[in-house]
Amino acid sequence: MPGSKSLTNRALILAALADGPSVVRRALRSRDTLLMAASLAALGTEVDTSADDWRVTPGLGSGSASVDCGLAGTVMRFVPPVAGLFAGEVAFDGDAHMRNRPVGVMLAALRSLGVTITATDRLPFTVTGTGSVPGGQVVIDASASSQFVSALLLAGARYADGVDVLHDGKPVPSQPHIEMTIAMLRAHGVEVDDSEPNRWRVAPGTIKAADETIEPDLSNAAPFLALAATSGGTVRVLDWPQRTTQAGDALREILTAMGCTVRLDAEGLTVTGNGALSGVDLDLHDVGELAPAVAALCALAESPSHLRGIEHIRGHETDRLAALATELGRLGADVVEHRDGLSLRPAPLHGGTFATYADHRMAHAAVILGSAVDGVLVENVTTTSKTFPDFPGFWADLFAAQD
Ligand SMILES: O=C(O)C1=C[C@@H](OP(=O)(O)O)[C@@H](O)[C@H](O)C1
Ligand SMILES: C=C(OP(=O)(O)O)C(=O)O
């Protein structure tokens with residue numbers, strides 16, 4: 002598997018803010034990570050992406066710059082706090098749908114920490130940095146995205162008073178991603194206090210340069226592991242980490258609950274399907290990025306499923322609950338959309354076109370269905386390039402290797 006998007010983009014941010022050059026080994030080369038590299042380069046950091054190991058020489062310049070967020074939540078949320086440390090105007094924009102994804106809470110937080118931002122709660126916006134940010138305490142409602150918290154923590158050590166982020170609102174989703182942020186900050190020598198629930202304090206100080214080796218992207222393993230589940234065969238993902246903060250690690254538990262045999266050993270993760278899938282009742286609040294792949298598997302299961310706790314994925318690359326309900330329904334699935342989830346009951350599926358809404362994980366859901374149902378046409382499968390280099394080629398090679 003190619004490297005993790007979440008680990009690569011955090012490593013790039015930390016490398017750009019560090020006290021010396023460093024290497025991001027086995028970086029993911031995909032649209033989201035190249036957009037991150039380009040954003041940091043626009044701000045004055047040197048990012049050499051010519052080899053598999055990316056060399057980063059930190060530096061934040063002055064003048065004016067522009068940042069293309071594409072459809073990358075990590076670019077739209079993680080780069081503005083860095084732009085506050087740039088001396089000049091940084092204009093942010095992105096894909097058409099990016100203008101709908103939530104960012105206002107984070108911009109308001111940055112403003113209260115002393116950064117000047119054009120008054121808006123959506124893209125496009127302009128951050129006017131002065132080269133330094135006062136920082137301090139801020140109260141936010143991060144129930145729409147854990148990335149609001151991660152964004153403030155990642156740059157916080159470089160603010161004069163650090164940051165003290167308090168969450169006030171419905172529970173923050175995607176906790177493993179916040180754990181990932183904290184673990185990576187600590188690996189760079191940053192002091193983070195997360196001893197109180199819903200409060201994260203980052204002490205002001207140096208972010209030490211440290212080389213990072215990027216783990217394989219476990220969430221992107223979902224469609225491949227799902228192949229084992231739908232075919233009754235065996236799929237092995239090499240180098241699956243024994244311990245990780247990646248949300249995708251939850252696939253082990255989810256696939257086990259659906260009836261697969263799952264084994265993690267020194268070589269990697271091996272999943273064997275048993276020919277039939279059981280439905281599941283799952284709260285995916287912490288691992289929302291897995292919802293499209295899991296929903297596709299649930300549509301193929303022999304008993305009902307209920308996926309809960311994922312209202313926030315309406316703010317992902319597309320409104321994923323609406324998109325999944327529409328597209329699964331179009332192939333014959335018995336699916337009901339709820340405010341915060343989906344329920345599915347067994348139904349015979351048939352072929353048809355599965356629209357992907359420029360969402361890489363909708364394409365993952367589509368190929369999972371196509372592995373079990375004849376005649377599924379995945380519209381715009383190249384949208385997978387957001388987080389995966391040449392997904393169609395990789396998928397095809399898997400079948401070629403088997404023949
Ligand atoms: O910080 C990150 O790298 C991510 C956090 C999560 O976002 P949300 O908390 O907005 O779901 C996750 O879904 C996304 O794929 C990546
Ligand atoms: C929500 C996702 O991405 P982003 O980083 O753009 O928020 C995702 O990859 O499922």
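For reference, each letter of the sequence shown is one residue, going 2 to 404 in my numbering. Using N, Cα and C, we set each Cβ at its ideal position, and we do this for glycine too. Here the structure is a predicted model, which means the values were calculated and not measured.
- prompt: Would you report the Cα separation of Leu278 and Val374, rounded to the nearest angstrom?
  reply: Looking at the two C-alpha atoms, the distance is approximately 14 angstroms.
message: Which residues neighbour ligand 1 when neighbourhood means a C-beta less than 6 angstroms away from any of its non-hydrogen atoms? List them by chain order.
response: Look at which beta carbons fall closer than 6 angstroms to any heavy atom of ligand 1; those residues are Ser7, Gly74, Thr75, Ser146, Ser147, Gln148, Ser151, Pro174, Ser175, His178, Gly289, Glu290, His313.
field: Environment of His189 [buried if 16+ CB atoms lie within 10 Å]
entry: By the neighbour-count rule (16 or more Cβ atoms within 10 Å), His189 is buried.
message: Between the alpha carbons of Val104 and Gly89, how many angstroms are there, rounded?
response: Roughly 21 angstroms separates the two Cα atoms.
- prompt: Taking all protein chains shown into account, do 16 or more other C-beta atoms lie within 10 angstroms of the C-beta of Leu61, making it buried, or fewer, making it exposed?
  reply: A residue is called buried when at least 16 other Cβ atoms come within 10 angstroms of its Cβ; Leu61 meets this threshold and is buried.
query: Using a threshold of 6 angstroms, is the CB atom of His317 nearer than that to any non-hydrogen atom of ligand 2?
result: Of the heavy atoms belonging to ligand 2, at least one sits nearer than 6 angstroms to the Cβ of His317.
task: Give the DSSP-derived three-state secondary structure of Asp335 in the structure shown.
output: Strand, per DSSP.
- request: Label Leu41 either buried or exposed according to how many other C-beta atoms from any shown protein chain fall within 10 Å of its C-beta, with 16 as the threshold for buried.
  value: The residue in question, Leu41, is buried, as its Cβ has 16 or more Cβ neighbours within 10 Å.
message: Taking the alpha-carbon of Glu213 as reference, which of Ala19, Asp20, Val24 has the nearest alpha-carbon?
response: Among Ala19, Asp20, Val24, the Cα nearest to that of Glu213 belongs to Val24.
message: Quick check: what's the CA-CA separation for Ser344 versus Thr207?
response: Cα to Cα, the separation comes out at about 48 angstroms.
- prompt: Apart from the five residues just before and just after Ala152, which ones in its own chain have a Cβ nearer than 8 angstroms to its Cβ?
  reply: Taking Ala152 as the centre and dropping the five residues before and after it, the same chain places the C-beta of Arg78, Phe79, Pro81, Pro82, Met107 closer than 8 angstroms to its C-beta, in chain order.
task: Taking only runs that begin and end inside the segment 69-110, name each unbroken beta strand (DSSP E) of 3 or more residues, in chain order.
output: If we require 3 residues or more, the beta strand (DSSP E) runs fully inside the segment 69-110 come out as 88-94.
message: Buried or exposed, going by whether 16 or more other CB atoms sit within 10 Å of the CB of Gln243?
response: Counting Cβ neighbours within 10 Å, Gln243 comes out exposed, since fewer than 16 surround it.
message: Does the beta-carbon of Arg321, which I'm using as the reference point, lie nearer than 6 angstroms to any heavy atom of ligand 3?
response: Summarising the ligand content, the structure contains ligand 1 and ligand 2 and does not contain ligand 3.
message: So, at 6 angstroms on beta carbons, what are the nonlocal neighbours of Arg1 in its own chain, with the 5 sequence-adjacent residues on each side left out?
response: Here the chain comprises residues numbered 2 to 404, so residue 1 is not present and cannot be evaluated.
message: Tell me the residue span of the alpha helix (DSSP H) that contains Arg340.
response: Counted as a single uninterrupted DSSP element, the stretch harbouring Arg340 is not any alpha helix (DSSP H), since DSSP gives it neither H nor E.
message: Please identify the residue among Ile118, Pro177, Asn199, Ala258 whose C-alpha is closest to the C-alpha of Thr219.
response: It should be noted that the sequence gives Leu, not Thr, for residue 219. Nearest of Ile118, Pro177, Asn199, Ala258 to Leu219, Cα basis: Pro177.
message: Just to confirm before moving on: does the CB-CB distance between Thr246 and Ala184 stay below 7 angstroms?
response: It is a contact, given that the beta carbons lie within the stated cut-off.
task: Mind listing, in chain order, the continuous alpha helix (DSSP H) runs of no fewer than 4 residues lying wholly within the segment 286-336?
output: For secondary structure counted as the alpha helix (DSSP H) over 4 or more consecutive residues, the segment 286-336 holds these complete runs in sequence order: 292-300, 321-331.
- request: Answer yes or no: do Ala110 and Val139 have a C-beta to C-beta separation smaller than 7 angstroms?
  value: Yes; because the gap between Cβ atoms is below 7 angstroms, this pair is in contact.
task: Return the chain-ordered ranges of every beta strand (DSSP E) run that is complete within the segment 152-191 and spans a minimum of 3 residues.
output: Runs found: 164-168.
message: Check this for me: beta carbons of Leu308 and Leu285, under 7 angstroms apart or not?
response: Closer than 7 angstroms, so yes.
Between the CA atoms of Met99 and Phe400 - distance to the nearest angstrom: CA-to-CA, the gap between Phe400 and Met99 works out to about 34 angstroms.
Asp335 versus Arg159: straight-line alpha-carbon distance, rounded: Distance between the alpha carbons of Asp335 and Arg159 is about 51 angstroms.
message: By DSSP's criteria, Val283 is part of a beta bridge. Which residues make up the other side?
response: Looking at the sequence shown, residue 283 is not Val but Leu. Beta-bridge partners assigned by DSSP to Leu283: Leu308.
query: Hey, Gly352 and Arg331: beta-carbon distance below 7 angstroms or not?
result: Contact flag unset, no.
query: Residues in its own chain within less than 6 angstroms of Gly21 by CB, not counting five upstream and five downstream?
result: The beta carbon of Gly21 lies closer than 6 angstroms to those of Ala210 in the same chain, with the five residues before and after it left out.
- request: Identify, in the order they occur along the chain, each residue of the same chain with its Cβ nearer than 6 angstroms to the Cβ of Pro174, setting aside the five sequence neighbours on each side.
  value: So the qualifying residues of the chain are Ser147, His286, Gly289, His313.
- prompt: How is Thr127 classed by DSSP in three states: helix, strand or coil?
  reply: In the structure shown, Thr127 sits in a strand (DSSP, three-state: E or B).
- request: Compute the distance between the beta-carbons of Ala156 and Phe149, then report whether it is under 7 angstroms.
  value: The Cβ atoms of Ala156 and Phe149 lie no closer than 7 angstroms to each other.
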